[in-house]
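Number of protein chains: 4
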Amino acid sequence: MDYVYGPGRNHLFVPGPVNIPEPVIRAMNRNNEDYRSPAVPALTKTLLEDVKKIFKTTTGTPFLIPTTGTGAWESALTNTLSPGDRTISFLIGQFSLLWIDQQQRLNFNVDVVESEWGQGANLDILASKLAADSAHTIKAVCIVHNETATGVTNDLSKVRKLLDEYRHPALFLVDGVSSICALDFRMDEWGVDVALTGSQKALSLPTGMGIVCASPKALEASKTARSVRVFFDWKDYLKFYKMGTFWPYTPSIQLLYGLRAALDLIFEEGLENVIARHSRLGNATRLAVEAWGLKNCTQKEEWYSNTVTAVVVPPYIDSTEIVKRGWKRYNLSLGLGLNKVAGKVFRIGHLGNLNELQLLGCLAGVEMLLKDVGYPVKLGSGVAAACAYLQNNIPLIPSRI
Amino acid sequence: MDYVYGPGRNHLFVPGPVNIPEPVIRAMNRNNEDYRSPAVPALTKTLLEDVKKIFKTTTGTPFLIPTTGTGAWESALTNTLSPGDRTISFLIGQFSLLWIDQQQRLNFNVDVVESEWGQGANLDILASKLAADSAHTIKAVCIVHNETATGVTNDLSKVRKLLDEYRHPALFLVDGVSSICALDFRMDEWGVDVALTGSQKALSLPTGMGIVCASPKALEASKTARSVRVFFDWKDYLKFYKMGTFWPYTPSIQLLYGLRAALDLIFEEGLENVIARHSRLGNATRLAVEAWGLKNCTQKEEWYSNTVTAVVVPPYIDSTEIVKRGWKRYNLSLGLGLNKVAGKVFRIGHLGNLNELQLLGCLAGVEMLLKDVGYPVKLGSGVAAACAYLQNNIPLIPSRI
Amino acid sequence: MDYVYGPGRNHLFVPGPVNIPEPVIRAMNRNNEDYRSPAVPALTKTLLEDVKKIFKTTTGTPFLIPTTGTGAWESALTNTLSPGDRTISFLIGQFSLLWIDQQQRLNFNVDVVESEWGQGANLDILASKLAADSAHTIKAVCIVHNETATGVTNDLSKVRKLLDEYRHPALFLVDGVSSICALDFRMDEWGVDVALTGSQKALSLPTGMGIVCASPKALEASKTARSVRVFFDWKDYLKFYKMGTFWPYTPSIQLLYGLRAALDLIFEEGLENVIARHSRLGNATRLAVEAWGLKNCTQKEEWYSNTVTAVVVPPYIDSTEIVKRGWKRYNLSLGLGLNKVAGKVFRIGHLGNLNELQLLGCLAGVEMLLKDVGYPVKLGSGVAAACAYLQNNIPLIPSRI
Amino acid sequence: MDYVYGPGRNHLFVPGPVNIPEPVIRAMNRNNEDYRSPAVPALTKTLLEDVKKIFKTTTGTPFLIPTTGTGAWESALTNTLSPGDRTISFLIGQFSLLWIDQQQRLNFNVDVVESEWGQGANLDILASKLAADSAHTIKAVCIVHNETATGVTNDLSKVRKLLDEYRHPALFLVDGVSSICALDFRMDEWGVDVALTGSQKALSLPTGMGIVCASPKALEASKTARSVRVFFDWKDYLKFYKMGTFWPYTPSIQLLYGLRAALDLIFEEGLENVIARHSRLGNATRLAVEAWGLKNCTQKEEWYSNTVTAVVVPPYIDSTEIVKRGWKRYNLSLGLGLNKVAGKVFRIGHLGNLNELQLLGCLAGVEMLLKDVGYPVKLGSGVAAACAYLQNNIPLIPSRI
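Quick mapping for you: the protein sequence lines, in order, are chains A, B, C and D.
Per full-length UniProt numbering, the very first residue in the first sequence carries number 1; after that it's consecutive.
Per full-length UniProt numbering, the very first residue in the second sequence carries number 1; after that it's consecutive.
Per full-length UniProt numbering, the very first residue in the third sequence carries number 1; after that it's consecutive.
Per full-length UniProt numbering, the very first residue in the fourth sequence carries number 1; after that it's consecutive.
Spelled out as structure tokens, the structure:
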């Protein structure tokens, strides 16, 4: 049933899809149900209410769309913008690149602000563009909160500050695919108009649900946006929300129950504790990278990502080989370097349902892998650095005190 | 964990989502995996090869899209047509209506051929329109193979015959959502250009995968079709097919393994045996309806559907009440009447992984329900009629002989 | 993965192992855990407390033993009796026969009271034996509450009355394997000293847990009972109960969580409702048998069993053939006739997590089977009789009102 | 559903119950089945045949008993010995102690050969006892292959040599609970008469199946052994083996399918590779212990166990505290010190379905724990030592080359 079995557990350290908690796997282990029975709307109602908490919004309207992150992007864009609309979009890695590609193919007038891969969004340029745009030709600022390809987290509060400073009415659209529910994200406080994530990321579910949350301003914009859309049209959802049946087309029953279980676990742990755990895992990983004498692809501390670390290998090493051997020899799944950084970085995802000892096992594996491919790492050095930090910082598991 | 528990099994007789076989539930009971490892392409390759068999095509190109049937429709249309293109589309029930609505919202020039609900597509009108269209303004003929709302199966071979007769180059687009893998469907023989289904129908999986199959002519058309599309764009798939990695964005690992298990079961039973089983269940259901003295919503035998039967209730009964009480009292999930036939029909789905005794339990339940709501049914009459037929027609289970 | 796959669900109508509810399957879908962690004793404590409710005892001490019903028997006997002790035991079918065989092999002096198969325990003989036993040589009265082979339920309250009438101090040991949690059973009220069941029966779990409940008098007896025992010795359990760790050897983590889920479902439905549901299913089955013109193996109404019905076939039919064909053709699992009634009866188990429509599907299948083997049944007749009764008696599902 | 949830996976490093592979969890995720259908004997037949391979026997007869290791012990003893029979039994730790206790309670005349905990069985004393026993009063030599409490592996080939040397006909009974299928074990070559294990150990299944294998000599002995037994009596199994239905009482359907999947995985990896993997994990653990400056409870290399390592803590540390904190803080389950070594050792189980990175995560956790409780460990030291060894010794995963 598995295509390539290895003994023991697979160590899944790609930044998505991530490890699913056992209680969530259990919750999804079920037959289909009629989604028109009273049970499914009752369940959906709790999900729509609770999912807002992970966006930190009380005013937003969530949509649980049977799609992936790519579809969630399309939903965010086509519901709020019209062909020809000018967007500002930051190109800082493979996923921001793909979103820009989508924006272009959807016929927006994309004003690309590019940075070197490993840097964050250039907000100075955003400032100057906003300053110059008294005519308000900019209809939306589109930004990836956390660029999964390079491990770069952008400071969204600064974007909001700039928009406010220049009193600019542009919509603020955020790809939170590898951030929301793992990094600090505040939809209402930061005035985000559309935020989105995918089920297989911090929520630690299977792939298949794009979660999009729209501010009142975004909902308003959707009434006049002229981008062609049907499957992704919020209007159909809103119609069924009003009717109390919620679904314009068939949802995945399994993902609904899975999301219920996932949210329950997150709230049981505490959202702030979840974010703190990601911070611990991020710090521990970076300390290990430093101890190995390797460079983080992320160029400045302010952009460090707590969900994924892209590790730069020396020029004489092919990072792809590390990923391949990890899988072949250690049952370890690491992230490849993508596009511009292919062969140059490998990525350690520390996202989703994960704890410290899982990460330490991964780090030990990476040390052996580095040695395997000829890098003169001191075995144990990264683990030692991570442990020294973690040993002083891991709290007791609240439910077990 | 369940929102409204009832003792014993839920009797799921809506025409989708349908019952998932236990081996498929098992196959999907798993953690996420890195979809960029060698295992997932190896698995995907077998799926793309084998899924063609259920479409009966050797020349088609399948796409396994993380979406629902609605998304699969959109994929079929936007990849092959351009805004303003004239389509002929048959309005015969709620699902054909929704597809037409989508076509209109995607800015095609939809030439709607309407029939009374309960009748099949009016192919005489198609003939006259084709005859009149020497200029070939018709770019596509769009037809729902099996209208799930009324239980009407259209004769696709006739559509092909007409297209051939008039040597008309229009694309032939088929919604096979509630037909493919349950009813006789022959993509290559009937010259279908795009056929599609959803995972939660005859394949008996959870919702979440739209399966679209394109003929070489459809692929060719996609090169020039100007409908805006990104998420649904076949081009991205084809690019990754060439690279051998197959996925432009993250697939659901669980659905891939689930599809593998589902196809294995179908091939183990034999596709023709699966179709024959649906025919048996359809016949048995219709005999029961007749024995109850009720009318089939489908007006002529030539349109009888072997995957769903819409039963017309007398005017003094509200069919919605039957569905509600079935759920409240018998743990039975029947299909509601939709739109024009709301309150007038209830639907028995006999689609997907189902056997005769399951259906007989449902029919017995319907008899009690009919009595509950005041219809003077003779208890046991429908079951007797169904049994009399089935008793002579059920073969031994091949694997158990 | 399945050895002999058939399409659709298997219709499991043997009187054990029975259908497991989906929520219980889910609860058991888990990795192992350290049973010495604080979590497992916390869970166990709730189980020991709650399992007493299904025995209707407040004074009993339950043991959850990793064994089957046969092991539970042995636990009941060896902890309370010494070699050579006189027991009175009723032989009324295959399972009481096997228990007697065990008693004999354990070197008790078994005073067998035999009845014709299809009759209940002969309590008149018990009365006379008790009357004659002023010396109290009888150490235990052993009785099967519900004989699974013939579908005979004994009246335990009468046994208690006799013991009281003759002021006889004999222990009262009850095999409740196919009764407890499905039939009316009152450990405290009826002064039962040891009662037992197996997880795969009315509790609707997998096989593997023998549940034994001992009265204070039985516990007292265990202190002096000289039967050799180690694995089944209550003393080891009691020692660990005192320590609060509960387990003298490794329990099945999965069955513990499964039992938790099973009890939750039972309490959610209500134990009295569960018993009423079994009564409905028993009545419906007997009405069908009558409509078919067949005889119930149970000779008098006072012994009718609400968990299993043994149906007598005409002499010209081999009941084994019915069971075989049910499995080969209808994916239906019926119970064979055992030992003396082999070939003469087949059994319909209506035990555990089951609802009315499931039973009706089974009854329809049996009708076809009867016809298949040459019995001139009127198709639909049994279902009609069952429906006529059920239609007036099934309550709304409480959680769905 | 979990009693004390912690984020991420539980790190299960007790020497049983051990981690269940995902494919095995999947295989057991199923409803009950009628064990009297043709499917279950067909499945059982393959199990009985294949389970012999893990015992390395062609002449042995296996029994799959619904019980635990304690029950398997009782099965081995009661089927082969009579009350009063003299056994030689080695007391070297808690589990050998418990077996001896059982032997005494079963009324054998147990000749206990005691060693200090941390040492292996004293075979010199065995030799002298055999030498002195020309009257063949010794009926059985009972030995625990791997003492789970202290991590001591006895050399069974030497026991056989001694028996042969003295031409002694005593039965050779082996507790292989924490060895068989993980350590080198050769039933036929070493002339073992009864060997046994439990499902929750190296087979990596849930608890609930005791697997006992009897040599022809043991089977012969069972014909005359006078120990009282019913549930554990091999005779009942042999009777049903002959009939081809295999089961004297209801087996756990789930464990049967689980065992099938577990054996498939073991054979896919290769039994010798499984044993080599355990050797790697044992070596790595011992190197870590050494690097930490701690003592292995096992006093000599010849007794080192590849399935569990008992680590001795300095006198000023309570090892129980380490285990408690591991669970409370790191979601790590370590084994407690038992009885004589309570508080003095903690145990790392490296048994069953486990790979190197899992172990390294555990070792990193232990390092932090040691520091937590005040032991001046150099963080990273154990992991470094383990990695240095593993990096040179882990082979590529065969299926992934």
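Backbone N, C-alpha and C fix where the C-beta goes; we use that ideal spot for every residue, glycine too.
In this text the structure is predicted, and so the values were computed from the model without any measurement.
DSSP places A/N79 in the uninterrupted alpha helix (DSSP H) bounded by G69 to T80. When secondary structure is reduced to three states using DSSP, B/H11 falls in the strand class. Every beta strand (DSSP E) of 3 residues or more that sits fully in the region 3–56 of chain C is shown, in chain order, as 11–13. When A/P376, A/L369 and A/C297 are compared, the shortest CA-CA separation from A/K340 is found for A/C297. Measuring C-alpha to C-alpha distances from C/A310 to each of C/E33, C/L390, C/G118 and C/T78 identifies C/G118 as the nearest. Between the alpha carbons of D/Y237 and D/L219 lies a distance of about 12 Å. Residue state for D/E114 is assigned as strand, using DSSP reduced to three classes. Straight through space, the alpha carbons of D/S204 and C/L359 are spaced by roughly 38 Å. Bounds of any beta strand (DSSP E) do not take in A/R226, whose DSSP letter is neither H nor E.
The Cβ-Cβ distance between C/H145 and C/A170 does not fall below 9 Å.
Using a 10 angstroms sphere on the CB of C/D164, the tally of other CB atoms stays under 16, which defines it as exposed. Counting the other Cβ atoms within 10 Å of the Cβ of C/K239 gives fewer than 16, which makes it exposed.
According to DSSP, A/T309 shares a beta bridge with A/I348. Between the alpha carbons of C/V159 and C/H278 lies a gap of roughly 23 Å.
Contact of A/N31 with chain C by beta-carbon distance below 8 Å involves E22. In this structure, the alpha-carbon of A/P66 lies about 14 Å from that of B/L64. In the DSSP annotation of this structure, the continuous segment of the beta strand (DSSP E) that includes A/P62 starts and ends at T61 to I65. Take A/T197, set aside five residues on each side of it, and the residues of its chain with a beta-carbon closer than 6 Å to its own are G176, V177, I180 and I211, in chain order. Using a 10 angstroms sphere on the CB of A/I397, the tally of other CB atoms reaches 16 or more, which defines it as buried. Taking every protein chain shown into account, the CB of B/R167 has fewer than 16 other CB atoms within 10 angstroms, so this residue is exposed. The Cβ-Cβ distance between A/R186 and A/L43 does not fall below 9 Å.
A contact between stretches requires three or more CB pairs, one per stretch, nearer than 8 Å, and the region 246–261 of chain A meets this requirement with the region 16–36 of chain A. Rounded to whole angstroms, the separation of the alpha carbons of B/L183 and B/S215 is 20 Å. Of all C-beta pairs linking the region 37–53 of chain B to the region 375–383 of chain B, fewer than three are shorter than 8 Å, placing the two stretches out of contact. Distances from the CA of A/T153 to each of A/L91, A/E189, A/S199 and A/A131 were compared; the closest alpha carbon is that of A/L91. At least one beta carbon of chain D lies nearer than 9 Å to the beta carbon of B/A27. If you draw a straight line from the Cα of C/G365 to the Cα of B/K328, it is about 25 Å long. DSSP, read as helix, strand or coil, puts C/D175 in strand.
The CB of D/E74 comes closer than 7 Å to the CB of V230 and F231 in chain C, given here in chain order.
If you ignore the 5 residues before and after A/V345, its C-beta comes within less than 8 Å of the C-beta of T150, C297, A310, V311, V312, V313, S319 and G337, all in its own chain and listed in chain order.
The region 244–281 of chain A contains, as complete alpha helix (DSSP H) runs of 4+ residues, the segments 253–269 (chain order).
Within the same chain, Cβ atoms closer than 8 Å to the Cβ of B/G293 are found at V377, the five residues on either side in sequence being excluded. Note on geometry: alpha-carbon atoms of C/L287 and C/I138 lie some 41 Å from one another. Looking only at A/L106, A/C387 and A/L81, the smallest Cα-Cα distance to A/L173 is reached by A/L81.
D/V51 and D/V40 have their C-alpha atoms roughly 16 Å apart. For B/R167, the three-state secondary structure derived from DSSP is coil.
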